[in-house]
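Structure, as structure tokens:
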Amino acid sequence: MARSRPLGRWVTTNQTTCGLAARFVAGETMDDAVAAARKLNESGRMVSLDYLGESVHSEAEARAAADIALGMFDRIAAEKLDANISIKLTQLGLDISETLCEELVGRIVEAAQNYRNFVRIDMEGSAYTQRTVDVCRRLRARSPAVGIVLQSCLYRTEQDVRDMLAIGCRIRLCKGAYKEPASVAYPQKADVDENYQRLTRVMLQSGIYHGIATHDPRMLATARAFARHHEIGGDHFEFQMLYGIRTDLQERLVKDGYRLRVYVPFGKDWFAYFMRRLAERPANLMFLLRHVVR
Ligand code: FDA
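Using the working numbering, read the sequence shown as starting at 2 and increasing by one per residue.
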């Protein structure tokens with residue numbers, strides 16, 4: 002459904018769905034994102050800004066997305082925000098040409114380095130995993146200002162974690178938001194969770210600064226207990242959560258002295274992101290369906 006253009010047109014022009022999306026998306030403009038980021042910073046939460054969009058079909062669109070990413074670093078510096086940025090490779094032309102994509106991401110990583118900031122490469126569906134890992138690995142060899150996202154739902158991720166640790170690359174660990182076949186991903190949530198906890202322990206022991214991205218209290222408890230037991234200070238890693246999700250937990254972690262970063266998506270192209278957030282939680286979908294039926 003997240004790839005359906007007619008559904009996308011309907012959802013992004015319907016008043017009810019637009020209202021519901023506002024819970025997960027900071028707004029359509031950079032000003033909206035900056036305002037949300039400032040508010041989060043004021044409450045002790047760091048931010049990762051994400052200009053929404055994926056799977057572009059032309060070089061011009063990819064170059065325009067790169068320009069926006071570069072502008073985000075200028076704006077973060079001008080506004081003195083405690084924020085980095087997240088990007089998606091298919092928004093930067095991965096489906097068009099890997100060379101073009103790597104050129105554009107290379108410019109973004111360079112800007113991140115010049116600003117002493119950081120860019121995180123989001124992980125998309127499994128069709129892109131190898132290419133995302135390859136691009137990140139090559140760029141990481143040029144600069145420490147880039148990191149990757151890995152998903153505990155995939156069988157391959159334990160090896161990817163070890164490979165990334167070997168080159169000193171910072172990882173954001175998440176469970177994975179894409180529907181994947183059993184040939185590449187654990188079909189059972191219990192296995193995804195168990196893998197998440199196992200990989201969290203591997204990452205925390207590495208001495209590299211990583212992001213533990215989850216709203217799941219059990220995953221958080223595992224990370225906290227492991228860090229405490231091994232005397233890994235709260236400044237050696239950060240928790241990460243999505244804008245508008247479990248703000249109660251976000252506030253509690255900050256109160257408990259942990260570093261917490263909120264992923265703040267913005268832009269007009271919010272449909273696919275919104276659909277993934279709905280799919281994660283049946284209650285969200287039921288809420289939407291009730292409104293549609295009404
Ligand atoms: P789980 O799905 O088990 O949820 C645990 C609890 O969190 C739920 O019981 C509920 O309370 C709450 N919750 C979770 N999702 C919710 C929702 N949509 N609405 C309301 N409540 C919700 N994925 C990916 O494939 N590539 C990526 O690059 C990223 N990037 C990313 C960055 C950050 C900062 C985060 C936090 C997450 C991602 N993700 C991602 C998404 C991730 O893979 C995963 O789909 C979601 O985080 C949900 O998984 P949880 O770990 O929260 O656990």
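Positions of the beta carbon are idealized from the N, C-alpha and C atoms, including for glycine.
Count the other C-beta atoms from every protein chain shown that fall within 10 angstroms of the C-beta of ASN196, then say buried if there are 16 or more, exposed otherwise. Here residue 196 refers to the residue found at position 195 when the sequence shown is read from its first residue. Flag for ASN196 reads buried.
Taking 8 Å as the threshold (C-beta atoms), are GLN152 and LYS180 in contact? Translated into positions along the sequence shown, residue 180 becomes position 179. Translated into positions along the sequence shown, residue 152 becomes position 151. No.
Quick one: complete alpha helix (DSSP H) runs, 4+ long, within the stretch 106 to 191? 130 to 141 and 158 to 167
LYS89, buried or exposed, once every other Cβ within 10 Å from all chains shown has been counted against 16: As a working mapping, residue 89 is identified with position 88 in the sequence shown. The residue in question, LYS89, is buried, as its Cβ has 16 or more Cβ neighbours within 10 Å.
I'd like to know whether the C-beta atoms of ASP83 and SER56 end up nearer to each other than 8 Å. Taking the first residue of the sequence shown as position 1, residue 83 is located at position 82. Taking the first residue of the sequence shown as position 1, residue 56 is located at position 55. Result no, Cβ atoms of ASP83 and SER56 do not sit closer than 8 Å.
Under three-state DSSP, which class holds LEU8? Residue 8 sits at position 7 when you count from the first residue of the sequence shown. Of the three classes helix, strand and coil, the one that applies to LEU8 here is helix, per DSSP.
Closer than 8 Å, CB to CB, is ASP32 near chain C or not? No chain C is part of this structure, which consists of one protein chain only.
CB of LEU155 within 8 Å of CB of ALA128, strictly: For this step, residue 155 is matched to residue 154 along the sequence shown. For this step, residue 128 is matched to residue 127 along the sequence shown. Cβ distance not < 8 Å, so LEU155 and ALA128 don't count as in contact.
Cβ of LEU90 within 7 Å of any heavy atom in ligand 1? The sequence position of residue 90 within the sequence shown is 89, counting from 1. LEU90 Cβ: outside cutoff for every heavy atom of ligand 1.
Once DSSP output is grouped into helix, strand and coil, what is the label at HIS211? Here residue 211 is taken as the residue at index 210 of the sequence shown, counted from 1. Strand.
For LEU93, I'd like the list of residues in its chain whose CB is within less than 7 Å of its CB, leaving aside the five on either flank, ordered along the chain. Within the sequence shown, the letter at position 92 stands for residue 93. Excluding residues within five positions, the ones whose Cβ falls inside 7 Å are ALA63, ALA66, ALA67, CYS102, LEU105 and VAL106.
Closest to TYR52 by CA distance: which of ARG121, TYR259 and GLY235 is it? As a working note, residue 52 is residue 51 in the sequence shown. Nearest of ARG121, TYR259 and GLY235 to TYR52, Cα basis: ARG121.
Shortest alpha-carbon distance to PHE288 belongs to which of THR18, MET2 and SER49? Taking the sequence shown and counting its residues from 1, one reaches residue 288 at position 287. With distances taken between Cα atoms, PHE288 lies closest to THR18.
Looking at ligand 1, does it come within less than 7 Å of HIS216, judged from the CB to the closest heavy atom? To locate residue 216, count along the sequence shown from 1; it is residue 215. Result yes, Cβ under 7 Å from ligand 1.
With a cut-off of 8 Å on the beta carbons, I'd call ARG138 and ILE168 a contact; round off their distance for me. The sequence position of residue 138 within the sequence shown is 137, counting from 1. The sequence position of residue 168 within the sequence shown is 167, counting from 1. Yes, ARG138 and ILE168 are in contact; Cβ-Cβ is about 6 Å, under 8 Å.
Closer than 7 Å to a non-hydrogen atom of ligand 1 - does that hold for the CB of GLN152? On the sequence shown, residue 152 is found 151 positions in, with the first residue counted as 1. Yes, the Cβ of GLN152 comes within 7 Å of a heavy atom of ligand 1.
Distance, THR130 Cα to VAL162 Cα: Position 161 of the sequence shown holds residue 162. Position 129 of the sequence shown holds residue 130. Whole-angstrom Cα-Cα distance: 13 Å.
CB of CYS19 to nearest heavy atom of ligand 1: below 7 Å? As a first step, residue 19 is located in the sequence shown; it is residue number 18 there, counting from the start. Not under cutoff, so the answer is no.
What separation, rounded to the nearest whole angstrom, lies between the Cα atoms of ALA214 and LEU50? Residue mapping note: residue 214 aligns to position 213 of the sequence shown, counting from 1. Residue mapping note: residue 50 aligns to position 49 of the sequence shown, counting from 1. Roughly 15 Å separates the two Cα atoms.
Output the distance between the C-alpha atoms of PHE275 and PHE25, rounded to the nearest integer angstrom. The sequence position of residue 275 within the sequence shown is 274, counting from 1. The sequence position of residue 25 within the sequence shown is 24, counting from 1. Using only the alpha carbons, I get a separation of about 7 Å.
Return the bridge partner residues of GLU239 from the DSSP annotation. Numbered from its first residue, the sequence shown carries residue 239 at position 238. Under the DSSP definition of a beta bridge, GLU239 partners with GLY212.
From this set, ASP192, THR91, ALA146 and THR100, which residue's C-alpha is nearest ASP123's C-alpha? Working through the sequence shown from its first residue, we reach residue 123 at position 122. Per the Cα distances, THR91.
I'd like to confirm the pairing. Which residues does DSSP put opposite PHE267 in its beta bridges? Position 266 of the sequence shown, counted from the first residue, corresponds to residue 267. BP columns for PHE267 point to TYR52.
Taking the alpha carbon of ARG282 as the reference point, which residue from ALA226, PHE227 and HIS216 has its own alpha carbon closest? Start at 1 with the first residue of the sequence shown, and residue 282 comes out as number 281. Closest by alpha carbon: HIS216.
Pull up the distance between the alpha-carbon of ASP192 and that of LYS269, whole angstroms please. Counted from its first residue, the sequence shown places residue 192 at position 191. Counted from its first residue, the sequence shown places residue 269 at position 268. Those two C-alpha atoms are separated by around 35 Å.
Would you list the residues sitting across from ARG262 in a DSSP beta bridge? The count along the sequence shown starts at 1 and reaches residue 262 at position 261. In the DSSP assignment, ARG262 forms a beta bridge with MET47 and GLN241.
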